[in-house]
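Everything below concerns the one structure shown next.
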Amino acid sequence: MKFPTKAEWVFVFCLFNALFNFALFLRCYFPLKQGLDGHASVHDTPLEPVTGREGLPASHYRRLVLMVIDALRADFVVGDINFMPYTKQLLQERRGVVFLARAHPPTVTLPRIKSITTGSIPGFVDVVMNFGSTVLTEDNLMTQLKQAGKTLTFFGDDTWLNLFPDHFTRSDGTTSFFVTDYTEVDNNVTRHLSQELAASDWDVMTLHYLGLDHIGHLAGPTSPLIKPKLQEMDTVIQQIYSAMQSWSASESPGLLVICGDHGMSDQGGHGGASPGEVLVPVVLLSPHTVFQHQKSGYPDIDQIDLCPTLSALMGLPIPKNNLGCVEVAALPQNTSLRDKVRAMQINAAQLARMLEKNVGDASQDHAYQLYKAALQSHSEWLAGANSSSESSKQSSGNQVLLAYQDAAQRMSQRISKMSTRYDMYGISVAVTALWMRDTKPLSPVEMFLVCGTILHTLSLVSSSFVEEEHQTWYFITSSIHTLLLFRLPDSFAGKFAASASGGGTATSGHMRSGDVLGRMSGEREENYVQYTQLKEHSKHNPWLKREMERKTTEGRSLDKAFLKTAVSLVVILCILRVLRRWNQTGNKWLDVPDVGDWLVMPENKMALSALVAVSLLCNLLTNLSRLRTLGGRAACACAMMAVYCSKAGTGATLMPETLTGIVSTQGVTEARLAYSFILVLLVLNLHQLWKDNVSSHASSQSSVRVALSGLSEFLEGLQAFWLCLMCLLLRPHNTALVAMLSVLERLVCGYVLRSVKLRPVCLLLYCMALGQAFFFFQGNSNSVSTVDVAAGYTALQDYQPVLIGIQMCFSTYAGVIFWLISCLKYVLLVLPSDASVDHQWLADAHTDMAITLLLTRALPLAVYTTLVTFMRYHLFVWTVFSPKLLYEGMLTVVYSAFYVTCLCVAHSLRSKGQQ
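Residue numbers (our numbering): 6 to 920.
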């Protein structure tokens with residue numbers, strides 16, 4: 006065994022150095038926020054001015070039911086369509102009040118629960134931690150309730166049990182990540198209600214329903230499943246409210262709070278900052294309270310305001326790290342003005358302490374001075390309460406209330422800006438290291454591919470171009486194939502001339518520039534005269550006659566190849582145009598209807614089913630040409646049938662009546678069967694590669710070519726394997742996208758790249774561009790909300806974080822990985838005709854590709870990390886720039902695997918060449 010050379014170790018070091026530097030940047034850019042230690046207590050409560058009254062205002066309610074409906078969009082409650090009639094009736098009777106709460110991005114469950122319970126704004130890194138929540142040690146509402154002697158119970162999303170493991174007397178958690186189930190996951194919560202509502206040994210019950218969110222991930226907000234699910238939630242609300250009516254108004258006044266942790270995008274996901282994702286309703290209902298009348302519209306609040314508001318309603322200290330403001334409109338109508346002002350004083354004092362911790366000289370801060378002014382007005386109001394008329398007292402009190410509210414909001418905004426501290430030293434080190442990559446010049450490549458790579462890197466400096474990055478890649482890929490089409494005559498000109506002169510096919514293999522059409526025309530006229538003369542002589546010369554027939558055959562063959570290549574490029578351009586409208590993505594045109602939107606409509610289920618069946622058949626036919634063994638073709642056919650059954654099992658497509666009894670309700674068994682056939686296909690492919698290697702060692706002079714032929718067939722089989730996996734993991738309507746991808750690749754491999762030779766480095770840039778374009782063709786974007794979480798649960802019945810993460814990665818970057826596999830195969834197409842240089846040439850080619858990949862990754866990373874460092878206080882830092890950072894990191898990991906593969910192949914080829 007030959008050990009890696011010094012140069013190869015340097016390449017590996019460069020890769021891991023780049024990964025380390027980027028990881029260092031992410032760690033410094035997304036620091037884990039540390040809240041203030043300890044928990045608030047009654048002793049922290051400021052004294053009331055003048056009177057010196059201690060403690061907190063009395064609790065308005067003894068019992069609380071907090072009902073969180075995951076992904077509850079605002080329009081599901083307050084929209085024109087009445088999905089929840091009972092709830093709306095209670096609001097009309099003034100037995101409740103509703104607010105529109107704005108959630109801070111990222112709109113995923115874990116940070117939203119933290120915001121509701123702590124009143125703080127979690128960091129963006131909580132997007133990653135959402136899949137592995139840990140104990141919440143920061144001061145929070147649940148801990149305050151427990152310290153106040155309240156008995157807590159919980160049923161629903163087990164994220165709460167991970168955050169508050171020792172808080173609940175009784176609990177029953179359900180996994181929040183098995184998104185294909187939207188029935189049992191809610192039934193497991195509701196089944197406890199009858200017994201719990203009849204019991205009197207609890208004070209606070211938290212319910213977290215997941216079914217609505219899972220429906221959104223599976224089918225989107227327009228699915229016919231949405232209305233029954235919301236009606237089911239309305240029935241649960243009626244059950245709880247009816248039980249609360251039997252509670253004693255004097256001994257056990259109860260409050261029901263209904264809210265969403267986050268909303269739902271128009272595509273069904275969440276995580277971004279679209280109105281559907283950030284606007285959620287907060288509904289307060291109580292049979293023991295008459296709420297203030299909402300004259301017009303619904304008040305806007307921040308989601309973090311819910312924490313201090315519930316603290317005020319339950320008579321609790323406000324958690325130490327709270328940044329929210331008490332919403333006075335949520336207090337019962339009979340609450341005295343003095344208690345309202347007192348609640349705002351406590352809220353403002355808590356925010357003032359936070360300001361003092363975050364600002365060096367807080368006393369000079371304008372927001373802090375407003376707080377002091379409100380405190381002074383409060384003192385004057387209480388001091389003159391006995392000497393003023395009731396109307397004047399009321400007016401002055403309202404002025405004090407408004408002053409506290411203004412000061413509290415300004416202090417909250419000031420702290421929010423100051424609380425995000427960046428490790429600038431670590432960021433500077435990481436950015437500098439990323440810029441100092443090896444800048445060894447590349448071999449000359451086709452100018453447009455280089456310009457396209459640079460163009461994409463420069464486009465990252467604009468937030469709009471980051472949001473609409475897909476447009477950049479769509480332009481690059483379409484332009485590449487248009488350029489190839491216009492330069493196609495040039496690539497065939499030398500071949501036509503060589504054929505006519507008897508020199509054989511041109512061997513340069515690279516495209517040339519110039520007035521190619523004119524040159525070809527001139528060559529054809531000159532060759533025609535020679536051809537006429539030779540034709541006369543060939544009548545009496547048999548050898549010359551055979552030579553003329555050979556030249557004629559070669560000419561016709563070249564004519565056919567030219568025509569097929571030109572038609573292929575036109576077809577490729579048409580496919581790319583269709584794919585652009587298959588899944589609208591980005592931000593600007595996201596709401597424009599696309600093909601995918603039409604296909605997922607319930608009334609078009611028959612059309613979707615037919616399309617999936619035809620697409621799978623198309624994939625099967627193209628894969629048959631990639632597979633050389635009968636067993637592989639049979640496994641591929643069985644895999645395609647199992648894939649369709651798995652889609653039908655989830656209810657996405659229709660199934661013939663003869664098979665409806667066989668297909669399971671969730672499609673899990675069928676998906677596992679599909680996985681089995683796909684793995685069989687991979688094993689057979691690996692076995693065939695092993696047999697080819699054995700044959701190559703047994704042969705003599707042709708061993709190199711035999712081995713490379715076997716490697717080419719293995720990569721063809723690997724493509725077939727990956728296409729089958731894509732059909733299984735991607736959404737049903739994207740099965741047609743996989744079919745178009747398969748057809749496009751056959752055209753590129755069979756005609757385009759065999760006629761227009763590109764250097765290996767140029768092939769890599771070409772495949773990288775197509776991979777990035779297909780990333781967006783799938784419906785992905787630089788927003789977290791477009792991540793297809795449902796793909797992670799394919800063939801799974803419980804929460805398996807490692808398998809879910811792998812499947813989500815494979816699904817998201819399916820197109821990228823496919824084109825990287827194709828790149829390895831395409832290198833063999835441009836192999837020189839001299840067999841003696843095969844090993845060295847291929848080794849150098851893979852090394853050059855590895856270096857190019859490292860540079861093309863390091864350049865955008867260096868530019869983008871520099872940009873986000875300067876933009877760290879930008880308005881779009883959490884909605885645009887930060888999500889893109891996560892995508893860049895994951896893409897770097899995918900490319901790093903390809904980088905290591907290229908280095909390993911290069912090392913293996915050099916070792917064989919030296920034996």
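The beta-carbon is built from N, C-alpha and C at its ideal position, and this holds for glycine as well.
- For Arg751, the enclosing alpha helix (DSSP H) stretches over residues 740-752.
- When DSSP reads this structure, Phe159 sits in a beta bridge with Ser176, Thr211.
- Within the DSSP secondary-structure output, Asp191 pairs in no beta bridge.
- Closest in alpha carbon position to Asn193, among Tyr214, Ala203, Asp206, is Tyr214.
- Between the region 712-723 and the region 675-684, the count of C-beta pairs closer than 8 Å stays below three; the two stretches do not touch.
- By the beta-carbon neighbour count (other beta carbons within 10 angstroms, threshold 16), Phe903 is buried.
- Annotated as distal: Tyr756 and Thr487, with beta-carbon spacing of 7 Å or more.
- In the DSSP assignment, Pro286 is bridged to Leu105.
- With respect to the C-alpha of Trp587, the residue from Leu746, His461, Gly302 having the closest C-alpha is Leu746.
- DSSP, read as helix, strand or coil, puts Met72 in strand.
- Spatial neighbours of Tyr900 in its own chain (CB-CB distance under 7 Å, excluding positions within 5 residues in sequence) are listed in chain order as Leu858, Arg862.
- Bridge partners of Val262 according to DSSP: Leu71, Leu289.
- DSSP places Ile822 in the uninterrupted alpha helix (DSSP H) bounded by 819-832.
- Bridge pairing for Asp239: absent [DSSP].
- Between the beta-carbon of Val285 and that of Cys312 there is about 14 Å, and that puts the pair past the 8 Å contact cut.
- For the pair Thr112 and His275, the CB atoms are nearer than the 7 Å cut-off.
- Around Ala413, the same chain offers Cys330, Met349, Asn352, Ala353, Leu356 as residues with beta carbons nearer than 7 Å, after the five sequence neighbours per side are excluded.
- Taking the CA atoms as reference points, Ser205 sits about 22 Å from Thr240.
- Here Gly389 is exposed, its C-beta having fewer than 16 other C-beta atoms within 10 Å.
- Counting the other CB atoms within 10 Å of its CB gives Asn628 a total of 16 or more, which places it among the buried residues.
- Assigned with DSSP and collapsed to three states, Asp186 falls in coil, not helix or strand.
- Where Ile351 is concerned, the enclosing alpha helix (DSSP H) starts and stops at 342-363.
- Excluding five sequence positions before and after Tyr649, the CB atoms of its chain that fall closer than 8 Å to its own CB belong to Val617, Ala618, Leu621, Thr658, given in chain order.
- Rounded to the nearest angstrom, the gap between the Cα atoms of Lys325 and Tyr373 is 17 Å.
- Annotated three-state conformation of Asp144 is coil, per DSSP.
- Judged by their CB atoms, Val55 and Ser384 are nearer to each other than the 7 Å cut-off.
- Bounds of any beta strand (DSSP E) do not take in Asp596, whose DSSP letter is neither H nor E.
- For the options Trp846, Ala725, Tyr818, Cys732, the alpha carbon positioned closest to that of Val766 is the one of Trp846.
- Secondary structure at Ile580: helix, using DSSP grouped into helix, strand and coil.
- Counting along the chain, Ile306 sits inside the beta strand (DSSP E) bounded by residues 305-307.
- DSSP places Thr164 inside the alpha helix (DSSP H), whose first and last residues are 164-168.
- Counting every other CB atom within 10 Å of its CB across the protein chains shown gives Pro116 a total of 16 or more, marking it as buried.
- Judged by beta-carbon spacing, Leu613 lies within the 7 Å limit of Leu604, meaning their Cβ atoms are closer than that value.
- Annotation: Gly457 to Leu775 spans about 12 Å, alpha carbon to alpha carbon.
- When secondary structure is reduced to three states using DSSP, Met895 falls in the helix class.
- Where Thr114 is concerned, the enclosing alpha helix (DSSP H) starts and stops at 114-123.
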